[in-house]
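Read the structure below first, then the notes.
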Amino acid sequence: MQEDMRLSVFAEKKDKQLIYSPEKCIGCGTCVQACPKGNLAIGAVGAITRGLVDADFLEMKESEACLVCGICAKVCPTGALEMKQEGKTLTDISYLFRAMKPTSVNESCVHCGLCEDICPQGCIEVTRDISADGKLKLVGKTNIDTECCVHCGWCAAVCPVNAISVEKPFEGRWTRDEDVCQTCHTCVEVCPANAIFNKKAKPGERVEKISHRPDACIYCGACAVACPVNAIDVRKTAILPEMEKKGVLEKKLLETPAPEAMLRTRLETDEAACLGCGNCVIVCPVNAYSDRELAAGHLNNMDEKALLGVKNGRISVIDQDRCGADGACAMICPVDAIRLVKKEVE
0 MQEDMRLSVF AEKKDKQLIY SPEKCIGCGT CVQACPKGNL AIGAVGAITR GLVDADFLEM
60 KESEACLVCG ICAKVCPTGA LEMKQEGKTL TDISYLFRAM KPTSVNESCV HCGLCEDICP
120 QGCIEVTRDI SADGKLKLVG KTNIDTECCV HCGWCAAVCP VNAISVEKPF EGRWTRDEDV
180 CQTCHTCVEV CPANAIFNKK AKPGERVEKI SHRPDACIYC GACAVACPVN AIDVRKTAIL
240 PEMEKKGVLE KKLLETPAPE AMLRTRLETD EAACLGCGNC VIVCPVNAYS DRELAAGHLN
300 NMDEKALLGV KNGRISVIDQ DRCGADGACA MICPVDAIRL VKKEVE
């Protein structure tokens, strides 16, 4: 269950405030798609999810330029952005998060705990005990934290008695270019709904690099924002809940590609610590995409890679601007000789 929220005041005008709750944010960039001023920035979603950078998914470029119109808050599927007027949160059904029916559980629940086990966000808590009336049954409570829920539908899918109801935020389309994908697993780790996974292959069996669960997907776009080689495309095709002025918001969101991730980090290296092993060079998805032989572990032409290379036995950053901020290099380095550091949005 979620604890106390950190709140950031993104912008203020007269009696209105735009508030950001980082703990609720899933890094999807839907707000960035909708902002009429292009004033929101998202990036480094993979590195932040993996704990490699201490930052929030979302930033405002210039708070003074914000209109405080609230469109970003209206399309946010998790309530991470909210509008306040005279200190009170606006909660009418022109806001997607408020228009969605809360995930609920009815009295048919047998408190088996499957929903608690499967919830990717840890939003469900089940307390249970053996009935004291002589019958072979469990008694207890199933509590769903609706402020934490991302409406993925896992709980309803596994419920053996169909006691849980879930309404999705979006309908959409998810595609991935098998030739571009480098299987860096960034999308798997950032997906808030556990809708992306790796199939286990049997000996001699060929499977997809990355697989998709359409029934769990909420088509938020976090995977597309985080992919360091732009192999994933997510398009929203409908807003599903009934909400006020839905047509206006659909014009902004439907069939719109995920926003381009801002380069909100830079690579720092420690040449003195570097062993020159080349592990970071091999694992970097940008490098691997530019040179297919790297995927097989070949380090030929080591000084001519796209992003990372080894020069004179030490790591070298060739082109900072090509970094996808997935953090694979930092995770594999055995001596912490390369890391991602947050930089200011320009």
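Residue numbers for the sequence shown follow numbering that gives the first Met the number 0, beginning at 0 and rising by one. Backbone N, C-alpha and C define an ideal beta-carbon position, used for all residues, glycine too.
Here I117 has W153, C154 and V157 as same chain residues with Cβ atoms under 7 angstroms from its own Cβ, once five neighbours each way along the sequence are excluded. Straight-line spacing of the CA atoms in M330 and K134 works out to 52 angstroms. Segment contact: the segment 210-230 against the segment 30-46, three or more CB-CB distances shorter than 8 angstroms; contact assigned. Per the Cβ contact rule, the segment 240-256 is not in contact with the segment 271-287 (fewer than 3 Cβ pairs under 8 angstroms).
With distances taken between CA atoms, D320 lies nearest to K342 out of P333, A336, K342 and D335.
For A40 against K23, the beta-carbon gap comes to about 18 angstroms, at or over 8 angstroms, which does not count as contact. Leaving aside the five residues that flank C68 on each side, the residues in its chain whose CB is nearer than 8 angstroms to its CB run, in chain order, P35. Taken through DSSP and simplified to helix, strand or coil, Q16 comes out as strand. Take the alpha-carbon of N161 and the one of S103: they are about 11 angstroms apart. Nearest to A257 by alpha-carbon distance, out of S289, G220 and C122, is G220. For a cut-off of 8 angstroms, the C-beta gap from A324 to T264 is around 5 angstroms, short enough to register as a contact.
Around the C-beta of P213, fewer than 16 other C-beta atoms lie within 10 Å, and the residue is accordingly described as exposed.
Among the bridge pairs identified by DSSP, T88 is matched with K83.
Within the same chain, P21 come within 6 angstroms of R5 by CB-CB distance, once the 5 residues on both sides are set aside. Inside the segment 241-307, DSSP marks whole beta strand (DSSP E) runs of 3 or more residues at positions 264-268, from first to last along the chain. In the three-state reduction of the DSSP assignment, L95 falls in the helix class, which pools H, G and I.
Taking C-beta atoms as the reference points, T141 and P101 fail to come closer than 7 angstroms. For the segment 189-238, the continuous alpha helix (DSSP H) assignments of 4+ residues that do not extend past its boundaries occur at 221-225, in sequence order.
Beta-bridge pairing by DSSP links I314 to V309. DSSP places V74 inside the alpha helix (DSSP H), whose first and last residues are I70 to V74. For L57, the enclosing beta strand (DSSP E) starts and ends at L57 to M59. Bounds of any alpha helix (DSSP H) do not take in E170; it lies within the beta strand (DSSP E) bounded by F169 to R175. In the assembly as shown, N38 is a buried residue. Its beta-carbon has 16 or more other beta-carbons within 10 Å. Apart from sequence neighbours up to five positions away, the residues of its chain that approach L89 with a beta-carbon distance below 6 angstroms are M82, ordered along the chain.
C-alpha of R175 to C-alpha of I231: approximately 4 angstroms in a straight line.
Cα atoms of E58 and I195: separation of roughly 26 angstroms, rounded to the nearest angstrom. C-alpha of A271 to C-alpha of V340: approximately 18 angstroms in a straight line. For C322 against L262, the beta-carbon gap comes to about 7 angstroms, under 8 angstroms, which counts as contact.
Counting the other Cβ atoms within 10 Å of the Cβ of R205 gives fewer than 16, which makes it exposed. Each residue's CA atom was taken as its position, placing S62 and Y19 some 12 angstroms apart.
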